[in-house]
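Asks: Heads up: the sequence shown begins at 1197 in my numbering, then just goes up one per residue.
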Amino acid sequence: MSDWTPGREPEPTEAEYEIPAEADADVPVAPDVPPAPEADVDPSEPAPLEVVRTPTGDAEVDARLDRLADADHLATDGHIEVYEDVHQGLRDALTALDARPGPPAPAGAPHPSYDRS
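1. Is it true that the CB of Gly1285 sits closer than 9 Å to the CB of Arg1260?
2. Have a look at Pro1297 and Arg1263 and give me their C-alpha separation to the nearest angstrom.
3. Please determine, among Pro1239, His1283 and Val1282, the residue with the shortest C-alpha to C-alpha distance to Thr1272.
4. Candidates Ile1276, Glu1280 and Asp1254: which alpha carbon is nearest Ala1292's?
5. For the alpha helix (DSSP H) that contains Asp1295, what are its first and last residues?
6. To the nearest angstrom, how far is it from the Cα of Ala1295 to the Cα of Leu1245?
7. I need the straight-line Cα distance from Pro1300 to Pro1306, nearest angstrom please.
Dropping the structure here:
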């Protein structure tokens, strides 16, 4: 036989809603920090994004990516010029990789010449 009966299920008790104390121990709790006072910042004014960038190891590419920070101090309509400049510089750097000569091809074994006269 089944314990199921037609009708609404009983509401859970308060004890069923409680989270065991050991479960709370794994959850980090933020310290009580007062909210930062709101500065008089105009949202339409340029503001730096302060994105931390990991260097690539290629000086030319890193210089191009550093140029993106110039957009932080420009109005939105000035971003396009910076982005296009950086994009073109990165394309040039990639094209230069294709243009570099690779190692010389291995010389083939000399082939005998057959004179069929």
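C-beta atoms are modelled at their ideal positions from N, C-alpha and C, and glycine is treated no differently. No experiment lies behind these values; they were computed from the predicted model shown.
Replies: Quick look at the numbers:
1. It is a contact, given that the beta carbons lie within the stated cut-off.
2. For Pro1297 and Arg1263, the distance between alpha carbons rounds to 29 Å.
3. Comparing Cα-Cα distances from Thr1272 to each of Pro1239, His1283 and Val1282, the minimum goes to Pro1239.
4. Among Ile1276, Glu1280 and Asp1254, the Cα nearest to that of Ala1292 is on Asp1254.
5. Looking at the sequence provided, one finds Ala at residue 1295 rather than Asp. Its alpha helix (DSSP H) spans residues Thr1272 to Ala1295.
6. Distance between the alpha carbons of Ala1295 and Leu1245 is about 35 Å.
7. Distance between the alpha carbons of Pro1300 and Pro1306: 17 Å.
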